[in-house]
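Reviewing the structure listed below.
Chains as they are written, first to last, in this note's numbering: chain U, 96 to 471; chain G, 71 to 1068.
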């Protein structure tokens, strides 16, 4: 049985409660540093930081419903060259944790000496919405929590509204909010030996009755309603994105800025193929195409860029939606990538981020697979 | 020194079947030259007529092609031809005279007449139409339509017609008809003179002529066919691909009987052909896979599935596919003349005669020496044995009676493909010792695209076959308009050597160094064209043939293919040939038994250093327990000499009490960690590793072994008789039990040597005391090859053979120190009771437990039975799955002393061929890493099927082991950002080609 502890907090003190839990980890030297979002001095906006001084954690805001960059990416840059002998706790949303698992399998990050602290996530807002929320209330995290719990998801990003993984998987320590009366407390659960030893070192013992069952039920319910949202989203985009002509039209707003690629936690290439000279052609070539077809749209490779990116990361896409946030022209990259990713992952029976043991679908060969593809 | 006194660096291989091809390739890949001759006008021997092979029921002939410097050799199906810069084919030639001495033989060869000159023959087929002679037997073994001049194999390269000299009436019709005057009826007097250092005889066998076994009605009853006919009829390139028709009425047979030992194991040929049980089971398996409801019944005497993996295959055919096995030699076959059905008389369990009806009967005919073999041996000055096969020694399967002349394959003893290939490799190794050290010249790789002289396009019409569908004029016009095309040429038939010479001359005159050749699948690959960057496209089979009904579209497609090819050669950058991997010129041999020592000596004799590592404190291994061979020879002296030579050899370093605990690196560059008895470690480097760790004898747990003093093993009996501890004169009765711990559920394999051992010991006992009663309880006597004669001798000497079923083993009991054996004869049901003085058991040969640990250290797998797994059971029986590691001796499979020496010779040859290379490269088209772009995600490493990609841990990027890379491009496909690419096909080039297709 994993150790689950309910940490009680006073009304309105959820953020402070979580922060003091994190602070105690550093204070008691259970870990050497934490990678966690800190609120900026100007207030509201957060930015991830590697914190070694427990005093700095007063500014931490792991519950702030904003995700400007995926922490998976940061954990990758932190550990890729060489992992440290010191232990670092990484505070992650479920989608960040799943992305990090994929990056580890892709050898872009190291699991060594990292302790995953996963936080339940009801969803995040776009930067614009978050800033507006910050102006409306001094406690945006609690405010959004309240709204979402009461069924108002209007401030959530599309990706979050359709997210079926509100609770972290593969965390060493999970911070549970769903199914818990967050006015009174939150749940801390050790999901690995590593997590157990941290909780033990903190002297946390199961005391008050832990609402495990309630949490499980609430997570399932949330996931179910999100699946419904997802299907609605798919049907909304289905018509406008089916067929090459429609795709071309949808992607016509693309300016080839490649921001989606920069934001994507799974686009790990050191130099993107589309930044190389491979697609630089002589004028004669373009004229040849124009001659052959009457006209050639320029830039010539924007749809190819998206299809190629899709081809490279779709099996590992965790649906974080950061691509969508990065797009200056509202090209619906998220619904397309999410839908294609989901279909593809289904074919391989693969769930990105589910387990470090699941092998990447394209790196294993099974004689009996993709039968349905061949038949259709 | 003058050339006269130097050994020739060429070898002559006589017979271009699978054995000859393998010998030739081994010698050629060791750097020497080979003349490969055959009296037939084509290569491939018997094997090209077979489509599918045990154990995976696929074709695998191409697996013997070289893996290094692939571009120099024709990497295509050996049914079509063999191209190697160091091999000269002398087809349709016969050896007439051999003079001189080893290292400096002088050989005279003469071409066979009537003859079709391969230089001139275009394969047009006009001669065949002109030939008035028709006959029955042909490549497909199906009656009808076969003239005296014919094309042996539809895909043969060069596509040269052959004349069957026996049936040809010399009417001259073809000579007059031939448009290129390629045919001549009579021979000019001069022969061909060759200087060679060694000669290898690999002439193979001839199938027993089934018409002489009149009791089976072959060629009288249409539904009686031979095993070879059965192979051909439904074969992929056969007359009825994929279906098996009954010859008399074209019906699908519902029942088929196989009759084994046709032409063997009788007074006239008292030997076993070794391969027929397995080929019958294979054919039965194929039939069952095609028609699961067809009843297949194999009538046999002893089921000889003694090779590696054979017993499992037999179990599968019987238990999973439902092939029936009936132990009986069928006396005669009769035909029901109304239906064409065949009637076989057989005894049932109660001894009653019952008649079974079959739709078809297949005769599993045995191997016999070819008709001309005796004459060939006389010319070579070598002796034959009493059955007419080449005579070989007790300790060498490949040395003939004349020094410098070797033999391999079925020319010396009937055997299967795997054993043939082992022998061929060993023979090549022996022959290399007699050849001069001068290396054959390497071929310079082409240097494409350096200057812009434009490209040539050559369009082959194939005697109008292409033009019928494709408008070649339109293609030519298109090419003229395309940029960078210097000239376009349409030829009637590019296969014609004269045409080819003209085309090449024009290419060099015009100064172009790039060309697109639009022809067919028969043309050699581009690597064989010197100095020119050539792109081949197939407009015959893949266009003109498949799109026969739509010329317009076919023409359009042809245009696009030409366009793609032009785009490819225009955008081809010059890439210097890969440097390749360096090779450490020494070998590590693991195991100091007969196999390891033989291999070590052979490698050292080729001039390379050898480290021999032996786990125990003594050399010799299992061979030390053998006191005589089946033929009476003494192996101890042989072994002692070998041990002495190895101990005193300046290039061999021995390490006793030492184990191998770590192996890293790859072919040509292994780093091995050794540990001695004081646990001190040493690191050595080796270019090749030979695994010769042997095997042990199982300790029987049955038949009161260890509980009654009278129960001993064959090895204990042999040692007892040799030392005199067992007095044969005092033995009244001896019983032997075979297959103790072999061929059962736990060990589903045959230990191969025990039947011969039992025969040897039984004959020895009878020699020492003819009065001793000997009873052998057996399941199948595995006296394969010439061992059969000793089985006959044992029966003649009065040894009693009683068969038992594995479900009903002999029962042994001990009462008042009297041993009693009870067994039930499975045929008569009679109970046999014997009270012998000694019960001698034949325990299984078992792989040692340490194999598991060693297999992990070496990174190579074990078979389900615990022996080391080879790369491929049939075609690569010496290679382990990890390149550069070779297997021999009992570590690989149960086998006898001579077989072990042969396999050790083969492993040594493969190691020496590898060590003799200065650098290892697969081919030009190996893959590359762009380190700046590589993110080190390792997807390419997972994708590489050849383990040619590894991580450079220091740099965090992928690295290519060029020696292992086969240029398949899987890495380039897996890499998301082009950090992995192929040397000769860059991304942008690929996009250009794709673009040209659209």
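Idealized CB from N, CA, C, for every residue including glycine.
What in chain G is Cβ-close to residue i, meaning under 7 Å?
i, result
"residue 371/U", "1048"
"residue 202/U", "1006, 1007, 1008"
"residue 407/U", "1046"
Is it right to say residue i is buried, meaning 16 or more other beta carbons lie within 10 angstroms of its own, or is it exposed?
i, result
"residue 288/G", "buried"
"residue 286/G", "buried"
"residue 514/G", "For residue 514/G, the predicted model reports a pLDDT of 47, less than 50, meaning its position is unreliable; a value from the coordinates is still stated below. Classification of residue 514/G: exposed, given that the 10 Å Cβ count is below 16."
"residue 356/U", "buried"
"residue 944/G", "buried"
"residue 465/U", "exposed"
"residue 113/G", "buried"
"residue 955/G", "buried"
"residue 381/U", "exposed"
"residue 154/G", "buried"
"residue 980/G", "buried"
"residue 191/U", "buried"
Give the residues of chain U in contact with residue i, contact being defined as C-beta atoms less than 9 Å apart.
i, result
"residue 1044/G", "457, 458"
"residue 552/G", "Those within 9 Å of residue 552/G in chain U number zero; the least Cβ separation is about 12 Å."
Give the residues of chain U in contact with residue i, contact being defined as C-beta atoms less than 7 Å apart.
i, result
"residue 1057/G", "373"
"residue 1003/G", "365, 366"
"residue 1071/G", "Outside the displayed span of chain G (71 to 1068) sits residue 1071/G, for which this structure offers no information."
In chain order, what residues of the same chain have a beta carbon less than 6 Å from the beta carbon of residue i, not counting five sequence neighbours either side?
i, result
"residue 431/U", "336"
"residue 328/G", "350, 368, 432, 434"
"residue 621/G", "539"
"residue 412/U", "432, 436"
"residue 287/U", "267"
"residue 257/G", "183"
With a threshold of 7 Å on Cβ separation, who are the neighbours of residue i within its own chain once the five nearest residues in sequence on each side are excluded?
i, result
"residue 1009/G", "1044, 1045"
"residue 1027/G", "999, 1001, 1004, 1006"
"residue 391/G", "355, 358"
"residue 560/G", "529, 531, 542, 546"
"residue 705/G", "693, 696, 699, 967"
"residue 408/U", "359, 361, 362"
For residue i versus residue j, is the C-beta spacing smaller than 8 Å?
i, j, result
"residue 699/G", "residue 667/G", "no"
"residue 728/G", "residue 753/G", "no"
"residue 104/G", "residue 156/G", "yes"
"residue 216/G", "residue 185/G", "no"
"residue 100/U", "residue 300/U", "yes"
"residue 152/U", "residue 181/U", "no"
"residue 283/U", "residue 270/U", "yes"
"residue 414/U", "residue 216/U", "no"
Who are the near neighbours of residue i in its chain, counting only those whose CB is closer than 8 Å to its CB and skipping five residues on each side?
i, result
"residue 166/G", "178, 179, 180, 261, 449"
"residue 1029/G", "999, 1019, 1020, 1021, 1022"
Starting from residue i, find everything on chain G with Cβ-Cβ shorter than 8 Å and list it in chain order.
i, result
"residue 401/U", "What residue 401/U touches in chain G: nothing, since even the nearest Cβ is about 14 Å away."
So is residue i in contact with chain B if we call contact Cβ pairs under 8 Å?
i, result
"residue 210/U", "Of the chains in the structure shown, none is chain B; the protein chains are U and G."
Which complete beta strand (DSSP E) runs does the region 253-278 of chain U hold, if anything under 3 residues is left out? 268-271
Ordered list of beta strand (DSSP E) runs contained in the region 361-442 of chain U, each at least 3 residues: none
Which ranges would you report for the beta strand (DSSP E) in the region 263-298 of chain G if only whole runs of at least 3 residues count? 268-271, 275-277, 294-296
Scan the region 645-717 of chain G and note each continuous beta strand (DSSP E) run of 3 residues or more that stays entirely inside, going in chain order. 656-660, 679-683
Within the region 163-248 of chain U, note down every full alpha helix (DSSP H) run reaching 4 residues or more, in order along the chain. 166-174, 189-200, 222-231, 235-244
Residue ranges of each beta strand (DSSP E) within the region 540-612 of chain G, 3 or longer: 555-561, 584-589, 603-608
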